[in-house]
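For reference, the structure discussed in these notes is given below.
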Amino acid sequence: MESFQFLGIVLVLFVSVQWAIRRRRVDLEKLRLLPPGPTPWPVVGNIFQLGFVKVPHKSFAELALIHGPNIMTLWLGSMCTVVISSKEAAREMFKNHDVILAGRKVYECMKGDFGDELGSMITAQYGTNWRLLRKLSTTEFFVNSRLDATSNIRSRCVDKLVESIREASGNGVNSIDIGRFFFLMAFNLIGNLMFSKDLLDPKSSKGAEFFYHAGMVMEYAGKPNVADFMPFLKWLDPQGIRKNMQNHIREAFHIAGGFIEERVKSSEEKVERNSKDYLDVLLEYRGDDIEGPSMFSSTTINIIVFEMFTAGTDTTTSTLEWAMAELLHNPHTYKKLKTELQNIVSHDEKLEEKHIDNLPYLKAVIKETLRLHPPLPFLVPHKAMDSCMMHGYNIPKETQVLVNVWAIGRDTNTWEEASVFKPERFLKTMVDYKGQHFEYMPFGSGRRMCPAIPLASRVLPLALGTLLHKFDWVLDDGIEPADMDMSERMGITLRKAVPLKAIPIPIA
Ligand code: HEM
């Protein structure tokens with residue numbers, strides 16, 4: 002009997018060892034088939050090869066030139082990351098593997114009591130829940146009929162932008178930090194689309210508090226977190242990013258919850274309002290007792306509301322600040338745009354969305370800005386939901402996939418004078434940002450592409466065009482256009498390292 006037991010144990014041990022060896026061999030085989038990349042160091046991977054002084058998209062692009070111009074592997078600590086750096090590899094990704102690579106890499110700071118994967122569209126894994134959220138945004142939020150109905154809101158927010166700039170500059174005497182004003186405008190716009198509320202109205206202290214907490218969340222979300230690269234540290238939260246972010250999210254949700262309850266009460270009291278806003282739409286889907294395939298809990302509604310602020314404000318601000326900086330850095334483009342505006346919109350007329358189709362140079366300026374300065378230079382990190390083969394290499398399940406659209410937009414094989422700001426190039430080509438042209442993808446491509454393109458393509462030209470139509474702009478401190486500092490820094494989006502300051506002189 003005992004010898005049978007002994008034999009049994011030996012057999013189990015033998016089979017386990019064989020299985021482990023085979024598994025390891027399969028794992029090694031898979032590792033051997035990974036895309037090329039610099040040799041990783043133990044524990045830290047390639048982190049020290051990234052060059053800390055540079056912005057990550059630049060150092061990734063330089064490494065890609067040496068190790069894998071199309072597709073490259075980098076180990077960020079223990080996080081296996083595949084970087085796509087050419088339009089050919091991007092085409093293969095979005096045409097042939099779009100579904101498998103449509104997962105999301107969710108960073109530590111997003112995993113919390115609130116930012117869970119259920120209620121958020123940005124962090125949701127590809128599947129039923131994401132599909133429902135996505136359908137809601139494309140059919141209810143960013144559909145052209147609703148955007149047409151809300152053009153007065155955007156126009157009002159841009160009027161306020163002009164007014165606040167005029168005031169802050171003392172009618173053309175002082176310089177202003179332009180990015181700050183774009184941020185306020187973008188935030189106020191989303192607040193109005195969501196809640197029909199001016200969150201930045203000096204009378205709304207709750208609005209100002211919400212603004213503060215949302216800003217802090219964006220700041221923490223933009224900080225590199227060592228716990229993402231070394232998961233054994235995640236319980237420690239060594240930089241306190243997760244804890245701080247959750248605190249600010251909790252406060253922001255508390256305030257937004259108040260706005261939501263206010264609305265529920267006013268609809269019970271049948272208070273009349275002119276048009277349906279995003280919150281009205283969300284409340285039609287509210288069902289606290291029956292969270293299910295087509296109903297949202299109050300927490301989910303809170304998450305959706307909050308996500309629109311985080312997704313929409315910094316991206317809009319970054320684009321507008323860079324556009325203004327490039328115009329002031331390149332006086333001939335500035336003059337050309339001014340001339341176009343003067344020809345189409347008379348001096349005492351207001352620039353409106355209906356004019357935009359007749360302003361091709363303005364649209365080209367926005368496109369060229371997004372080519373050189375995509376706010377999300379790696380898109381939002383994707384994740385392989387299963388393993389797949391690309392360009393003859395294996396992308397294992399769970400791998401983080403980054404698409405370096407910054408590098409692709411500056412590829413000298415595609416773009417003539419790739420690093421020069423030349424909006425004219427977009428006057429002669431059909432290339433646009435709707436995800437069909439893999440050499441130019443500031444909004445991404447495929448299933449996870451930005452759902453807000455219809456909104457962004459109205460707001461960006463309207464805000465930029467209006468500021469040029471209403472003011473003449475002079476650089477601060479007598480800086481010459483050629484001497485402007487155009488370096489970049491990376492936060493939640495790609496921003497100008499030195500904030501743009503200029504004096505807005507009102508056009509009488
Ligand atoms: C200049 C303006 C903007 C740019 C350049 C931009 C760019 C992007 C990019 C690159 C992605 C990720 C695509 C991917 O992962 O493949 C994205 C996703 C997203 N954007 Fe935008 N965006 C802008 C404005 C906005 C605005 C104004 C909103 C909302 C008010 C918004 C809402 C979203 C959402 C919800 C997602 C997640 C989509 C998903 O995961 O399925 N974006 N955006």
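Sequential numbering of the sequence shown, starting at 2, is according to this note's numbering.
We put the beta carbon where it would ideally sit given N, CA and C, even for glycine.
For this session: Please determine, among GLY436, LYS351, ILE345, the residue with the shortest C-alpha to C-alpha distance to ASP358.
Result: Considering only GLY436, LYS351, ILE345, the residue with the shortest C-alpha distance to ASP358 is ILE345.
For this session: On a CA-only basis, which of LYS502, PHE297, MET491, SER458 is nearest LEU476? Give me that one, please.
Result: Measuring from the Cα of LEU476, the nearest candidate turns out to be LYS502.
Exercise. Within the structure, which residues are defined as neighbours of the ligand HEM by a Cβ-heavy atom distance below 5 Å, reported in chain order?
Worked result: Residues with a Cβ closer than 5 Å to any heavy atom of the ligand HEM, in chain order: MET122, ILE123, MET309, ALA312, GLY313, THR316, THR320, PRO376, LEU377, LEU380, VAL381, PRO443, PHE444, GLY445, ARG449, CYS451, ALA453, ALA457.
Problem set entry | Proximity winner among VAL432, LYS435, ARG496, relative to PRO57 (alpha-carbon distances) | It is ARG496 whose Cα lies nearest to the Cα of PRO57.
Exercise. In chain order, which beta strand (DSSP E) runs of at least 3 residues are fully inside the stretch 25-103?
Worked result: With a minimum length of 3 residues, the continuous beta strand (DSSP E) runs that stay inside the stretch 25-103 are 72-77, 80-85.
Exercise. Three or more beta-carbon pairs under 8 Å between the stretch 250-262 and the stretch 192-211, yes or no?
Worked result: A contact between stretches requires three or more CB pairs, one per stretch, nearer than 8 Å, and the stretch 250-262 meets this requirement with the stretch 192-211.
Exercise. With distances taken between CB atoms, is the gap from LYS580 to ILE409 smaller than 9 Å?
Worked result: Absent from the model: residue 580. The displayed extent of the chain is 2 to 509, so no value can be given.
For this session: Give the DSSP-derived three-state secondary structure of ILE22 in the structure shown.
Result: Unreliable placement is indicated for ILE22, whose pLDDT of 44 sits below 50; no coordinate value is reported for it.
Problem set entry | Nearest-angstrom beta carbon gap, LEU469 and LYS339 [assumed within contact, 8 Å] | 6 Å between Cβ atoms; contact.
Exercise. Buried or exposed: TRP131, going by 16 or more other Cβ atoms within 10 Å of its Cβ?
Worked result: Buried.
Problem set entry | Span of the alpha helix (DSSP H) around PHE182 | Run containing PHE182: 179-196, per the alpha helix (DSSP H) assignment.
Problem set entry | At least three beta-carbon pairs within less than 8 Å, the stretch 62-80 to the stretch 228-242 | The answer is yes - the stretch 228-242 touches the stretch 62-80, with three or more Cβ pairs under 8 Å.
Exercise. Would the beta-carbon of LEU363 fall within 9 Å of that of THR320?
Worked result: A distance of 9 Å or more separates the beta carbons of LEU363 and THR320.
Problem set entry | Within 9 Å, strictly: CB atoms of ASN331 and PHE182 | For ASN331 and PHE182, no; Cβs fall outside 9 Å.
For this session: Using 10 angstroms around the beta-carbon of MET391, count the other beta-carbons present and answer buried if the total reaches 16, otherwise exposed.
Result: Answer is buried; the Cβ neighbour count reaches 16.
Problem set entry | Whole-angstrom distance between VAL404 and MET431, CA atom to CA atom | Rounded to whole angstroms, MET431 to VAL404 spans 22 Å at the Cα level.
Exercise. Rounded to whole angstroms, how far is the Cβ of THR316 from the Cβ of THR494, which I believe are closer than 8 Å?
Worked result: Rounded to the nearest angstrom, the Cβ distance from THR316 to THR494 is 6 Å, consistent with a contact under 8 Å.
Exercise. Is the number of C-beta pairs between the stretch 304-318 and the stretch 453-469 that are closer than 8 Å three or more?
Worked result: Touching, yes, given that three or more Cβ pairs across the two stretches are closer than 8 Å.
For this session: Compare the C-alpha of VAL460 against each of PHE143, MET442, HIS214, VAL44 and name the closest.
Result: The shortest Cα separation from VAL460 among PHE143, MET442, HIS214, VAL44 belongs to PHE143.
For this session: With DSSP as the reference, label PRO507 as helix, strand or coil.
Result: Here PRO507 sits in strand by DSSP.
Problem set entry | PHE297 in three-state terms, based on DSSP | Secondary structure at PHE297: strand, using DSSP grouped into helix, strand and coil.
Problem set entry | C-alpha gap between PRO37 and PHE53, whole angstroms | Distance between the alpha carbons of PRO37 and PHE53 is about 22 Å.
Exercise. Does DSSP classify VAL265 as helix, strand or coil?
Worked result: In this structure, VAL265 counts as helix in the three-state DSSP scheme.
For this session: Please confirm whether THR74 and LEU102 have their CB atoms less than 9 Å apart.
Result: Not a contact, by the Cβ cut-off of 9 Å.
Problem set entry | Anticipated Cβ contact below 8 Å, PRO482 with LEU329, distance rounded | PRO482 to LEU329, Cβ: 6 Å. Contact.
Exercise. Quick one: what does DSSP say ARG251 is sitting in, helix, strand or coil?
Worked result: In this structure, ARG251 counts as helix in the three-state DSSP scheme.
Problem set entry | Where the beta strand (DSSP E) through ILE480 begins and ends | Run containing ILE480: none; DSSP gives neither H nor E here.
For this session: Assuming VAL402 and LYS429 form a contact by the criterion Cβ under 8 Å, report the distance between their Cβ atoms to the nearest whole angstrom.
Result: With a beta-carbon spacing of about 33 Å, VAL402 and LYS429 fall beyond the 8 Å limit used to define contacts.
Exercise. The beta strand (DSSP E) with PHE472 in it runs from where to where?
Worked result: Segment 472-476, the beta strand (DSSP E) holding PHE472.
Problem set entry | Span separating the alpha-carbon of ILE506 from that of GLY393 | Distance between the alpha carbons of ILE506 and GLY393: 57 Å.
For this session: Check whether the Cβ atoms of SER146 and LEU134 lie closer than 9 Å to each other.
Result: For SER146 and LEU134, no; Cβs fall outside 9 Å.
For this session: Within its chain, find whatever has a CB closer than 8 Å to the CB of GLU369; leave out the 5 residues flanking it on each side and keep chain order.
Result: Here the set comprises GLU327, PHE422, LYS423, PRO424, ARG426, PHE427.
Exercise. Is it right to say SER1 is buried, meaning 16 or more other beta carbons lie within 10 angstroms of its own, or is it exposed?
Worked result: The first residue shown for the chain is 2 and the last is 509, placing residue 1 beyond what the model contains.
Problem set entry | Simplified DSSP state of ARG411, which is helix, strand or coil | In the structure shown, ARG411 sits in coil (DSSP, three-state: anything other than H, G, I, E or B).
Problem set entry | Cutoff 7 Å; reference SER388; Cβ partners in own chain excluding five residues on either side | These residues qualify, in order along the chain: ASN395, ILE396, PRO397, LYS398.
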